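Residues 4 to 473 (the working numbering) make up the sequence shown, in order. Glycine residues also receive a C-beta, built at the ideal position from the N, C-alpha and C atoms. Being a predicted model, the structure only gives us computed values, none of them experimental. Working notes, beginning with the structure itself.
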Amino acid sequence: MAYELKEECGVFGVYGDPEAVTDAYWGIFSLQHRGQESAGIAAVDEQDPGRLVVRKGMGLVTEVLSPVLSQLPPAWSAIGHVRYSTSGESEVFNAQPLLMRTRFGQIALAHNGNVVNAQDLRRSLQAQGAVFQGTSDSEILAHLIARSAAEDLSGALVQAVTQLAGGFAFVVLSPDAVYGVRDPNGIRPLVVGEAESGQGHMLASETCALDAVRARFVREVEPGELVVLDSKGVSRLTAMGWSAVSPCAFESVYFARADSKIRGESAQMARRRLGGVLAAEAPAGADVVIGVPDSSLPHAMGYAEASHLPFDFGLVKNRYVGRTFIMPKQSERMRSVQLKLAAVPEVVRGKRLVLVDDSLVRGTNARYLIQLLRACGATQVHMRIASPPYTDPCYYGIDTSRATELAARTKSVEEIRQMIGADSLAYLSLDGLKRGLKGGGWCLACFGGGYPVPPTLEPVACVGREDDHD
Ligand code: SF4
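Below, the structure written as structure tokens:
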């Protein structure tokens with residue numbers, strides 16, 4: 004099956020702050036974990052308010068934007084974007100924000116997630132004469148806006164977004180406003196914030212971006228809601244409506260930054276609780292609990308607390324390897340793991356270890372880490388996974404793997420245990436995950452929980468964190 008790759012990303016928007024460009028910079032800087040392939044900012048020129056200026060390129064926020072930040076005009080409104088892609092589509096023309104000229108004037112768009120009916124929409128638009136520069140879903144939205152018969156941009160946006168299906172969040176910059184829209188199931192996150200100074204409102208993929216610009220969290224954008232930030236403050240434009248709320252459970256398990264709040268609770272606390280549930284479900288006779296840094300440390304702490312075992316840092320991460328090693332090929336990923344993670348012999352030598360990871364996708368990371376720990380003298384390694392077996396590909400923007408590469412899709416737990424060389428292996432149950440997360444209705448599709456939105460025929464991938472998984 005062809006593996007079409009798109010991006011899962013981080014978005015940020017600000018309206019009404021004289022430091023909008025700086026806000027956008029720090030906003031996406033704090034969302035860097037959501038994408039390291041490209042970065043960009045679009046701003047409304049304060050001196051020429053009909054003009055939007057974009058600076059974007061391939062690389063990290065600091066690499067791409069620090070040298071050109073001074074080229075962006077003083078602005079009261081701006082949007083920003085970081086993008087991750089796993090293969091050849093990481094060309095610069097897919098970098099965002101995307102700048103388009105429409106009959107409503109210039110607009111800039113950026114998005115996170117995946118529109119599952121993108122192929123149908125693209126074909127239909129091409130049949131109407133639309134020409135596409137790249138493969139981004141933002142470009143589809145831009146063409147839908149341009150072809151809307153609505154009288155104003157707000158109306159065109161409502162008409163355009165109601166044609167989209169999937170898991171996505173868009174931010175759109177116009178000379179007069181910043182818009183934000185979230186998919187009808189609320190699969191991908193988007194939050195509203197207000198500057199502590201009282202000057203300006205923000206939109207962001209995660210609350211950590213609000214904290215970075217000294218904004219307070221106001222609320223989550225509702226599933227299917229289109230919000231507008233403008234001179235009147237924050238207003239709700241009717242958009243798609245919603246029937247079933249299904250926020251991505253994987254955001255809480257792994258993807259979101261630990262200090263970001265999801266449904267009112269930091270991902271850190273949710274992860275500790277998941278570790279505790281895992282310990283109750285799958286205890287292990289061991290001397291010490293260690294986690295795979297950084298993302299699995301809270302799960303490991305929760306496991307240790309609940310099982311009354313000591314927690315220690317048995318693995319350390321080289322934080323300076325960087326995005327060079329976020330590679331699409333398996334061999335490159337392995338090299339990246341080897342360079343990024345090292346064992347602390349004094350912690351693991353002669354010990355029976357519980358090794359906690361937040362997820363197991365292909366199993367190659369786990370196999371390498373267990374070999375490493377044994378080579379450093381661990382007498383036993385009991386692998387514990389703080390999420391259920393990852394059996395189904397994500398169609399809503401998270402890059403996992405081809406379905407055929409998902410270890411749990413074709414192998415039993417015992418077969419995976421043998422493959423990774425652990426003394427024992429256990430996963431958190433689906434019920435345990437539901438109990439460990441606050442609230443209900445989570446998207447659990449990749450854990451066999453059923454797709455909240457019918458997927459396309461081809462899995463569409465995205466996402467990436469610096470501490471990318473196996
Ligand atoms: S399928 Fe999994 S990764 Fe994708 S949105 Fe649902 S919970 Fe998140």
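DSSP three-state assignment for residue i, whether helix, strand or coil
{"i": "Q162", "result": "helix"}
{"i": "G91", "result": "In this prediction, G91 scores a pLDDT of 40, lower than 50, which makes its location untrustworthy; the coordinate-derived value is nonetheless stated afterwards. Reduced to three states, the DSSP call for G91 is coil."}
{"i": "E223", "result": "strand"}
{"i": "H84", "result": "strand"}
{"i": "Y18", "result": "strand"}
{"i": "F328", "result": "For F328, the predicted model reports a pLDDT of 39, less than 50, meaning its position is unreliable; a value from the coordinates is still stated below. Three-state result, F328: helix."}
{"i": "F253", "result": "helix"}
{"i": "R239", "result": "strand"}
{"i": "C397", "result": "coil"}
Proximity of residue i and residue j at Cβ, strictly below 8 Å
{"i": "I148", "j": "R125", "result": "no"}
{"i": "H302", "j": "A389", "result": "yes"}
{"i": "S362", "j": "Y393", "result": "yes"}
{"i": "S415", "j": "C211", "result": "no"}
{"i": "S41", "j": "R86", "result": "yes"}
{"i": "A283", "j": "V357", "result": "no"}
{"i": "M386", "j": "A410", "result": "no"}
{"i": "L376", "j": "L344", "result": "no"}
{"i": "G366", "j": "I401", "result": "no"}
{"i": "R58", "j": "Q74", "result": "yes"}
{"i": "N97", "j": "S139", "result": "yes"}
{"i": "N188", "j": "P455", "result": "yes"}
{"i": "S80", "j": "V174", "result": "no"}
{"i": "V295", "j": "G439", "result": "no"}
{"i": "L55", "j": "A145", "result": "no"}
{"i": "V47", "j": "A78", "result": "yes"}
{"i": "L259", "j": "A270", "result": "The sequence given here has Ala at residue 259, not Leu. In contact: A259 and A270 (Cβ atoms closer than 8 Å)."}
{"i": "W2", "j": "P250", "result": "Any question about residue 2 goes unanswered here, given that the chain covers just 4 to 473."}
{"i": "A406", "j": "P396", "result": "yes"}
Bridge partner(s) assigned by DSSP for residue i
{"i": "Q383", "result": "R355"}
{"i": "V64", "result": "DSSP lists no partner for V64."}
{"i": "D360", "result": "I388"}
{"i": "F173", "result": "H114, V184"}
{"i": "E268", "result": "I265"}
{"i": "K320", "result": "L344"}
{"i": "A198", "result": "A218"}
{"i": "M205", "result": "V17, G196"}
{"i": "I293", "result": "L358"}
Nonlocal neighbours in the same chain, by C-beta distance under 8 Å from residue i, ignoring five residues either side
{"i": "V350", "result": "V291, I293, D315, F316, G317"}
{"i": "G267", "result": "K441"}
{"i": "N321", "result": "L342, K343, L344, A345"}
Same chain, Cβ closer than 6 Å to residue i, five either side skipped, listed in chain order
{"i": "R274", "result": "P301, H302"}
{"i": "E22", "result": "none"}
{"i": "Q162", "result": "S151, A153"}
{"i": "F15", "result": "A27, G30, I31, G83, A207, A212"}
{"i": "L128", "result": "H146"}
{"i": "G453", "result": "none"}
{"i": "N120", "result": "A168"}
Counted within 10 angstroms of its Cβ, other Cβ atoms place residue i as buried (16 or more) or exposed
{"i": "Q35", "result": "buried"}
{"i": "K354", "result": "buried"}
{"i": "H437", "result": "Checking the sequence shown, residue 437 turns out to be Lys, not His. Answer is buried; the Cβ neighbour count reaches 16."}
{"i": "Q99", "result": "buried"}
{"i": "P264", "result": "Reading the sequence as shown, one finds Lys at residue 264 and not Pro. By the neighbour-count rule (16 or more Cβ atoms within 10 Å), K264 is buried."}
{"i": "A247", "result": "exposed"}
{"i": "P458", "result": "buried"}
{"i": "S200", "result": "exposed"}
{"i": "K235", "result": "exposed"}
{"i": "G19", "result": "buried"}
{"i": "Q50", "result": "exposed"}
{"i": "S480", "result": "The structure shown does not extend to residue 480, since the chain is modelled only from 4 to 473, so the question has no answer here."}
{"i": "Q131", "result": "exposed"}
{"i": "S310", "result": "buried"}
{"i": "A45", "result": "buried"}
Neighbourhood of residue i by C-beta distance below 7 Å, restricted to the same chain and skipping five residues each side
{"i": "T327", "result": "With a pLDDT of 41 at T327, under the threshold of 50, the modelled position of this residue cannot be trusted; read the value that follows with caution. If we look at T327 and ignore the five residues flanking it on each side, it has no Cβ neighbours."}
{"i": "P52", "result": "P178"}
{"i": "A242", "result": "V161, V164, T165, V184, G227, E228, L229"}
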